[in-house]
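Its first residue numbered 1, the sequence shown is counted upward by one per residue in my numbering. Heads up: the structure comes next, in structure tokens.
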Amino acid sequence: MPHSAQPVTLNVDALGLGQEQDAGLPARILASLSLEQKVAMLHQHAPAVPELGLASFHTGAEAAHGVAWLGPATVFPQPVGMAATWDADLIERLGEATGRELRGKKAEDSTVGLNVWAPVVNPLRHPLWGRNEEGFSEDPHLTAQLAGAYCRGLKGKDPHTWLTVPTLKHFLGYNNEFDRNVTSSNLSPRVLHEYELPAYRSPIEEGVAGAVMLSYNLVNGRPAHVSDLVQSQLRQWRNGDSVAIVTDAGAPGSLFRAEKYFDGGPAAYAAALQAGVDSFTDDGDNPAPSIAYLTEALGQGLISESDVDRAVLRLLTLRARTGEFAHHPYASIGPEEIGAAAHVQLAREAAAKSVVLLRNDAGAGILPLGDAPGTIAVIGSLGSRVLSDWYSGTLQDAVRIAEGLTRRYGGTDGAGVVAEEGADVVALRSVRTGGYLGGGPGEVLTAAATAPGLAESFTLKDWGAGEVTLQSMLTGKFVTDTGDGYLRAEADRVGGWVVQETFRLDRAADGTAALQHVGTGKWLRIESGTTSAALVPDAATAARFALRTLKSGHEAARQAAAEAHTAVVVVGNDPHLGGRETLDRSTLELPLAEQELVRVVREANPRTVLLMVSSYPYALGALADTPAIVWSSHGGQELGGGVADVLSGDAEPTGRLAQTWFARDADLPDILDYDIITSRSTYLYSRAEPLFPLGHGLTYGDVRYGSVALREMPGGGTTGTDVAEVTVELRNEGSRPAFELVQVYASAPCHRLEFPRRLLVGHQRVEVPAGGTATATIAVPLDRLATYSTVEERMLVEPGAYQLLVGSSAEDLPLAVPLSVPGTPGRGRSTGRWFRSENFDSCGNVALVPETRLAGTAVTPANAARPAWVTYRFWGAAEPLRENVVLADVVSCSPATPGAGCVLRVQVPGPADTWNTIGTARVSPGFSGELPVPLSSGASPFDEARTFRLVLEGAVTVSRLQLR
1 MPHSAQPVTL
11 NVDALGLGQE
21 QDAGLPARIL
31 ASLSLEQKVA
41 MLHQHAPAVP
51 ELGLASFHTG
61 AEAAHGVAWL
71 GPATVFPQPV
81 GMAATWDADL
91 IERLGEATGR
101 ELRGKKAEDS
111 TVGLNVWAPV
121 VNPLRHPLWG
131 RNEEGFSEDP
141 HLTAQLAGAY
151 CRGLKGKDPH
161 TWLTVPTLKH
171 FLGYNNEFDR
181 NVTSSNLSPR
191 VLHEYELPAY
201 RSPIEEGVAG
211 AVMLSYNLVN
221 GRPAHVSDLV
231 QSQLRQWRNG
241 DSVAIVTDAG
251 APGSLFRAEK
261 YFDGGPAAYA
271 AALQAGVDSF
281 TDDGDNPAPS
291 IAYLTEALGQ
301 GLISESDVDR
311 AVLRLLTLRA
321 RTGEFAHHPY
331 ASIGPEEIGA
341 AAHVQLAREA
351 AAKSVVLLRN
361 DAGAGILPLG
371 DAPGTIAVIG
381 SLGSRVLSDW
391 YSGTLQDAVR
401 IAEGLTRRYG
411 GTDGAGVVAE
421 EGADVVALRS
431 VRTGGYLGGG
441 PGEVLTAAAT
451 APGLAESFTL
461 KDWGAGEVTL
471 QSMLTGKFVT
481 DTGDGYLRAE
491 ADRVGGWVVQ
501 ETFRLDRAAD
511 GTAALQHVGT
521 GKWLRIESGT
531 TSAALVPDAA
541 TAARFALRTL
551 KSGHEAARQA
561 AAEAHTAVVV
571 VGNDPHLGGR
581 ETLDRSTLEL
591 PLAEQELVRV
601 VREANPRTVL
611 LMVSSYPYAL
621 GALADTPAIV
631 WSSHGGQELG
641 GGVADVLSGD
651 AEPTGRLAQT
661 WFARDADLPD
671 ILDYDIITSR
681 STYLYSRAEP
691 LFPLGHGLTY
701 GDVRYGSVAL
711 REMPGGGTTG
721 TDVAEVTVEL
731 RNEGSRPAFE
741 LVQVYASAPC
751 HRLEFPRRLL
761 VGHQRVEVPA
771 GGTATATIAV
781 PLDRLATYST
791 VEERMLVEPG
801 AYQLLVGSSA
811 EDLPLAVPLS
821 VPGTPGRGRS
831 TGRWFRSENF
841 DSCGNVALVP
851 ETRLAGTAVT
861 PANAARPAWV
871 TYRFWGAAEP
881 LRENVVLADV
891 VSCSPATPGA
901 GCVLRVQVPG
911 PADTWNTIGT
921 ARVSPGFSGE
931 LPVPLSSGAS
941 PFDEARTFRL
951 VLEGAVTVSR
961 LQLR
């Protein structure tokens, strides 16, 4: 029977309402609340207001790829896998299914919130970021399109009531886990406006996101939770003022604890509220500390009741959008939606469409497997299990890859599937007691057995970076610390915020090993008398073990591969290890143990498919020549079925990479370097030859690009923007249909700014029948060619010559068509006017820092021991300088050596890439204010380059400049 949920029954008399609730309801509720009640609503866990009929409420329900943290639910592919579909319609359906399941959870438990903390829209700037799995693409506009589709599904189709209220995470400049709450992301204006903001702006202006979560890090030296960018940017966008801003968990306290940006809670909370925060997530479900800080801030006059009102109104608006206060079409959704058959089928469709065929040597003839593949050996731990991540729901009826292939070929004559993990099975004998470590279900492990049986046999899996797991052959469960300091083999999986199932082997010269528990840092000790396995802090008392190999994983893998017609070796990561929230990866390389397993299998069987199941890209080195290479994210509960569909050829491969797979660690910038232009990073600016480029993915067909034509359509866009329509003719010379993702990129080698080397501006998937042809027509809005003018402080399309490049990836672009954009170039800089120092055109050794604690951005040397420089180009028509000076608005001068002072120099271009100094001024320690830098007589920045640069020597900070 459908569940009939009832809306909150409001006290009509107390609120002064008639029979009908209107759009002004949140404001009327606000007017009926006391100041104390309003302040209490600013915490994540807002209390009920019985006299008004308001129920308790909390922000936040995790649903990155299905409902999470609320028990069983349909688990879809990770967001990075969703993005590999490049299919906005599919992702919207995934969002809607997730929203309906969350409604089903609420039908079971009325305390479940409908404010979804998803999707993550941080562009995947750096592939070593630990949370890579949660994002969509390294391209911000593709991120906006695909994450926006997920939001659209989560929001639902009703024009008045939202199915759920999606939250965009995490504003802003967040791509590192290392010291994430104390590091600052340097975002120059161009990087900010061209790369970081678009992923947020589009879903907000489309009206499909109702909330935004702020990030842990600092942006240009100021904590994101008090960033002036919320008010100066986000709130200025269409729909931006109604969006609720929530903090990340614990971040308010970090403002005055870890970051030490404020002296205490009242000042920190007041600043966050005034910067735009509406809901504080701190101290778990205990609102008392937050309420106390806000109340004290009110008492000190740091905030006013109107500040509180603005925030509470947005939160009430969020609640009203879900239909909390009115009858709505989603009231009949009940628990039957959770794991519904249609959602399971959708999960399989998504799993299949997210699989990417990276390499398929036609000469090897391995893929597709076809209807009569012979024996298939599925080798590797990830072939025999389906893993979840921190933001997954509880898996139900998960289909493993080996199981998916078995289901496909189980009744086929001459076919069969063999699964082999390829991991060693070992026994650990205590050197001191002579007994073997082991134990039955639920028992504390002991080192007492005189010979190893099943209870003393463990599958030893090396996950890389020195971390291993021990899985009992008796129980199938992992050895873990259950909290009392003793080890048991009773964990169903590796997991938890702090993983308790991994160990490091400390090997000695005599061949013995001690075990260190990674989660606690403690060591395994065998207690005297009981021989129980206990964890202790003292490494000197750690037990040492002799490891006996009961079964060689490599030998078993070699034998399975050699006896099979085709070997599928499955490698990758556990989403809780090596790279995850709180932990960035250290390398692109596959773990050495996984590399060796692939080598063993390839040597035994040349018909090897390398199948990677991972949360992020890998560098493959010499393994890149494996004849067939396939990738999937951790594809959710239908991973095995989806992979089998593609490997067998029952489904054509349609997945394409939504981020670059770089070939070497050396091709990456430092993970803390957010300036993608200067560091030449991401597909936009990198000149490194990638292993697999953005957009890459093969079909089982043989698609050739024939011709391209361009038609310019002024005002032809959906919003009246100018459009270039690209028409591409394709033919398929293969024997199977192909679903080709035709991609259009822009380049502009003669652009007056450093334009991206490649810029994705459009794409379309088109079916090309076997032996046939097809036409793709792609509309390219010309505003996608816009760059940020540091002079006019806005996005604009510079006139000039562009090229539209067409092909199957960011590197495979066989067709090109010129595009001429008419118009007037952006205006030049003017003398006699102040301009912001952050609006430079290029820089070196520069950090962007706060001008004042809560507003403005200034420049200073990143390393005060070396000079920094900022260049300003594009000066307008030459004018005589009235005073022949550059004025610098100095924020501070704080040299490390007392009395040393700092220096500002003005330079102009000289011959052969040199710079000539035409003005110098010393800055006294402690000075702040306007400082003139006199220019040499007759010197002027108005040479042919119309450029000057400011050199900063010492710890001097400058916010504005003026040439006069």
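Where a beta carbon is used, it is the ideal one built from N, C-alpha and C, also for glycine.
{"Query": "Relative to the C-alpha of residue 867, which residue among 902, 837, 491, 425 is closest?", "Result": "902"}
{"Query": "Return yes when the Cβ of residue 156 is within less than 9 angstroms of the Cβ of residue 143, no when it is not.", "Result": "no"}
{"Query": "Check whether the segment 397-416 touches the segment 356-364, taking contact to mean three or more Cβ pairs, one atom from each stretch, closer than 8 angstroms.", "Result": "no"}
{"Query": "Exposed or buried, which one is residue 480 when buried takes at least 16 other CB atoms within 10 Å?", "Result": "buried"}
{"Query": "Assess contact between the segment 656-671 and the segment 90-110, defined as three or more Cβ pairs (one per stretch) separated by less than 8 angstroms. Is contact present?", "Result": "no"}
{"Query": "Since residue 95 and residue 150 are thought to touch, with beta carbons under 8 angstroms apart, how far apart are those beta carbons, to the nearest angstrom?", "Result": "4 angstroms"}
{"Query": "Are at least three pairs of beta-carbons, each pair with one atom in the segment 558-573 and one in the segment 517-532, less than 8 angstroms apart?", "Result": "no"}
{"Query": "Figure out for me which residue from 468, 65, 877, 41 has the closest Cα to the Cα of residue 55.", "Result": "41"}
{"Query": "In the DSSP assignment, find the unbroken alpha helix (DSSP H) run with residue 259 in it and report its ends.", "Result": "First-last for residue 259: undefined, no H or E at that position."}
{"Query": "What do you reckon, are the CB atoms on residue 282 and residue 258 nearer than 9 angstroms?", "Result": "no"}
{"Query": "Give a yes or no on whether the C-beta atoms belonging to residue 846 and residue 862 are separated by under 9 angstroms.", "Result": "yes"}
{"Query": "Please state if the CB of residue 214 and the CB of residue 225 are separated by a distance shorter than 9 angstroms.", "Result": "yes"}
{"Query": "Which class does residue 907 belong to by DSSP, given the choice of helix, strand or coil?", "Result": "strand"}
{"Query": "To the nearest angstrom, how far is it from the Cα of residue 293 to the Cα of residue 30?", "Result": "21 angstroms"}
{"Query": "Would you tell me roughly how many angstroms separate the C-alpha atoms of residue 898 and residue 926, rounded to the nearest one?", "Result": "10 angstroms"}
{"Query": "What residue range does the alpha helix (DSSP H) around residue 965 cover?", "Result": "Outside the displayed span of the chain (1 to 964) sits residue 965, for which this structure offers no information."}
{"Query": "Determine the closest residue to residue 24 out of 107, 200, 285, 313, with distance taken between C-alpha atoms.", "Result": "313"}
{"Query": "Run through the DSSP bridge pairs and tell me what residue 413 is partnered with.", "Result": "According to DSSP, which records beta bridges pairwise, residue 413 is partnered with nothing at all."}
{"Query": "With the cut-off set at 9 angstroms, would you say residue 366 and residue 561 are in Cβ contact?", "Result": "no"}
{"Query": "Pick from 540, 694, 831, 370: whose alpha carbon is nearest that of residue 652?", "Result": "370"}
{"Query": "Are residue 742 and residue 723 touching if we call contact CB-CB under 9 angstroms?", "Result": "no"}
{"Query": "With DSSP as the reference, please indicate the residues paired to residue 843 in a beta bridge.", "Result": "870"}
{"Query": "Under a three-way DSSP split, which group does residue 170 fall into?", "Result": "strand"}
{"Query": "Name the DSSP bridge partner or partners of residue 11?", "Result": "Residue 11 is not bridged to any residue."}
{"Query": "Can you check DSSP and say which residues form a bridge with residue 458?", "Result": "426, 472"}
{"Query": "Please classify residue 461: is it buried, with 16 or more other beta-carbons within 10 angstroms of its beta-carbon, or exposed?", "Result": "buried"}
{"Query": "Just verifying my parser: in three-state terms, what is the DSSP assignment at residue 21?", "Result": "Confidence is the limiting factor: at residue 21 the pLDDT is only 44, short of 50, which leaves the residue's position unreliable, though a coordinate-based value still follows. Here residue 21 sits in coil by DSSP."}
{"Query": "Determine, using beta carbons only, whether residue 399 and residue 630 come nearer to each other than 9 angstroms.", "Result": "no"}
{"Query": "Buried or exposed: residue 896, going by 16 or more other Cβ atoms within 10 Å of its Cβ?", "Result": "exposed"}
{"Query": "List the endpoints of the continuous beta strand (DSSP E) containing residue 763.", "Result": "759-768"}
{"Query": "State the DSSP-derived secondary structure class of residue 202, mapped to helix, strand or coil.", "Result": "helix"}
{"Query": "Run through DSSP, which three-state label would residue 335 get?", "Result": "helix"}
{"Query": "Please go through the same chain and pick out, in chain order, the residues whose beta-carbon is closer than 6 angstroms to the beta-carbon of residue 432, but skip the five residues on each side of it.", "Result": "none"}
{"Query": "Entirely within the segment 122-166 and at least 4 residues each: give me those alpha helix (DSSP H) ranges in chain order.", "Result": "140-155"}
{"Query": "Using DSSP bridges, identify the partner residues of residue 902.", "Result": "923"}
{"Query": "With distance defined between alpha-carbon atoms, name the residue in 205, 796, 125, 783 nearest to residue 753.", "Result": "796"}
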